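Below is one structure, written out as structure tokens; the observations come after it.
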Amino acid sequence: MQVERTFLQKLYLFLKGLAMGAANKVPGVSGGTVSFVFGFYEELIQSFRKVNITALKLLISGRFSSFYSYVNGQFLLLIMGGSIFSYFSISLVLDYFLEHYELYVWSWFFGMIIGSIYYIGKDFGEWNRKNIISLIIGASIGLGISFLKPAGENDNLWFVFFCGIVGVSGMTLPGLSGSFILILMGNYVLLLVDAVNELFFVVTNLLIGNFDVLSDPEKIRYLKIISVFTAGSAFGLVSISHVLGYVLKRYNAIVTAVIIGFITGSLGIVWPFKKAVYLAVDNKYLLDNKGNRIVENYTRFMPDFSSSETWFAIFYIILGIALILIIDFYGKTKK
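Have a look at this one:
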């Protein structure tokens, strides 16, 4: 059943979608964590679960109003609309700050994720043996993923479809960064940088009446790639949500413990004090279509406490934690 919302609630929901979309694009940060922290994770999963045979029958029979209500269409449109809009707006701002103020952005993310661990864990309940083991398993997986080496780029369409399924997992699984997984699979730049930029270029040209772009084989190649990736993402959203809805209903404590562990274990991915290691062949850096060097991995180091940069970074870590605590306080006052 669709929830009735005021205009202000709809606006907040769209803004939450913006935040989730921006988080999904940043390697190491999970959109699912954002949805968990902002309190719409379960509604998101349950809404995606409604995209099923019943919904398809309503759509085919032309009962669009019933279909819209059944799948909680207003909620999905606001959240997904915000996420998609973010890819072409907020995430571009985020790209700028990552390029010019990388240390402070990662510090802010690091603080927010620490705050998220507190937020998710504070009302957990009993830490029995089963839940502690689940926590350790989640932390081990998160830690293991953070030390994996990325593969090379692969534009095979079946592989791109699979990347869509895996990449969207960050939206449905708190703590698991879909963008970081795409880096490990070697297709982050291809799918979330090059293909998205080319799609934006094609759409803007079509809007001004320049249809010549559709005769460019390279542009068509990227359109095929982004279309297949989007199809894989849609399939992944629905299928993973069905599985998650099932396990959350029956094993809520265990799943939450795994999520807390996973987020904790993946903190190494967003450790702010690190330097980028760039992809290179024969001592030459590989570049994306903007001429930027492609990040292969990061080397982590301890902060230099004699540096003012370090103290500014610590300030942003505290700011990130404080933001989550403010959200938590705001949530309590609304109850």
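Counting from 2, one number per residue, gives the positions in the sequence shown under the working numbering.
Just so it is clear, CB atoms sit at the ideal spot from N, CA and C, and this is done for glycine as well.
As the structure is a computational prediction, the values presented were derived from the model and not from experiment.
Nearest-angstrom Cα distance between residue 271 and residue 326? In this structure, the alpha-carbon of residue 271 lies about 20 Å from that of residue 326.
Using beta-carbon positions only, say whether residue 396 and residue 34 come within less than 7 Å of one another. What is shown of the chain runs 2 to 336, which leaves residue 396 out entirely.
Classify residue 193 as buried or exposed, calling it buried when 16 or more other Cβ atoms lie within 10 Å of its own Cβ. Counting Cβ neighbours within 10 Å, residue 193 comes out buried, since at least 16 surround it.
Assumed close pair residue 199, residue 220 - CB separation to whole angstroms, cut-off 8 Å: In this structure, residue 199 and residue 220 form a Cβ contact; the two beta carbons are roughly 6 Å apart against a cut-off of 8 Å.
Note down the Cα distance separating residue 322 from residue 112, rounded to an integer number of angstroms. Put simply, the backbone Cα of residue 322 is about 5 Å away from that of residue 112.
Between 20, 161 and 47, which lies nearest to residue 250 when the distance is taken from Cα to Cα? Among 20, 161 and 47, the Cα nearest to that of residue 250 is on 47.
In angstroms, rounded to a whole number, what distance separates the CA positions of residue 195 and residue 42? Taking the straight line from one Cα to the other gives about 30 Å.
Less than 7 Å separating the beta-carbons of residue 15 and residue 74? Not closer than 7 Å, so no.
Unbroken stretches of the alpha helix (DSSP H), 4 residues or longer, contained in the region 165-225: Segments of the alpha helix (DSSP H) lying fully in the region 165-225: 170-173, 179-186 and 196-208.
Just the Cα atoms here: how many angstroms apart are residue 107 and residue 319? About 12 Å.
Drop a sphere of 10 angstroms on the beta-carbon of residue 336, count the other beta-carbons inside from all chains shown, and report buried for 16 or more, exposed for fewer. Note that residue 336 scores 49 on pLDDT, short of 50, meaning its location in the model is unreliable; the coordinates nonetheless yield the value given after this. Residue 336 is exposed by the Cβ-count criterion.
Do three or more CB pairs link the region 113-132 to the region 233-252 at distances below 8 Å? A contact between stretches requires three or more CB pairs, one per stretch, nearer than 8 Å, and the region 113-132 fails this requirement with the region 233-252.
Which residues DSSP lists as bridging residue 131, in chain order: In the DSSP output, where bridge partners are listed per residue, residue 131 has none listed.
Taking the alpha carbon of residue 214 as the reference point, which residue from 9, 208, 223 and 203 has its own alpha carbon closest? The residue with the shortest Cα to Cα distance from residue 214 is 203.
Do residue 25 and residue 186 have their beta-carbon atoms positioned less than 7 Å apart in this structure? Taking 7 Å as the Cβ cut-off, residue 186 and residue 25 do not qualify as a contacting pair.
Which listed residue (59, 17 and 135) has its alpha carbon closest to that of residue 45: Ranking the options by Cα distance to residue 45, first place goes to 17.
Using the C-alpha atoms, what's the distance from residue 65 back to residue 140? Cα to Cα, the separation comes out at about 44 Å.
So, does the CB of residue 194 fall closer than 7 Å to a CB anywhere in chain D? Looking at the structure shown, chain D is missing, and only one protein chain is on hand.
Buried or exposed (CB count within 10 angstroms, at least 16 for buried), residue 264: Per the 10 Å Cβ criterion, buried.
Please list the terminal residues of the continuous alpha helix (DSSP H) segment that includes residue 36. In the DSSP annotation of this structure, the continuous segment of the alpha helix (DSSP H) that includes residue 36 starts and ends at 32-38.
Based on Cα-Cα distance, which residue from 163, 223 and 268 lies nearest to residue 240? Among 163, 223 and 268, the Cα nearest to that of residue 240 is on 163.
Where the alpha helix (DSSP H) containing residue 265 begins and where it ends: DSSP places residue 265 inside the alpha helix (DSSP H), whose first and last residues are 253-266.
Less than 6 Å between C-beta atoms, sequence neighbours within five positions excluded: which residues of the same chain meet that for residue 229? Within its own chain, the residues whose Cβ lies closer than 6 Å to the Cβ of residue 229, once the five positions on either side in sequence are excluded, are 158, 161 and 162, listed in chain order.
Cβ-based neighbour list, residue 255, same chain, cut-off 7 Å, excluding 5 preceding and 5 following: Excluding positions up to five away in sequence, the list reads 131, 132 and 135.
Would residue 188 be called buried (16 or more neighbouring beta carbons within 10 Å of its own) or exposed? By the 10 Å Cβ count, residue 188 comes out buried.
Residue range of the alpha helix (DSSP H) that residue 6 falls in? No alpha helix (DSSP H) holds residue 6; DSSP gives it neither H nor E.
Is residue 87 helix, strand or coil by DSSP? Helix at residue 87.
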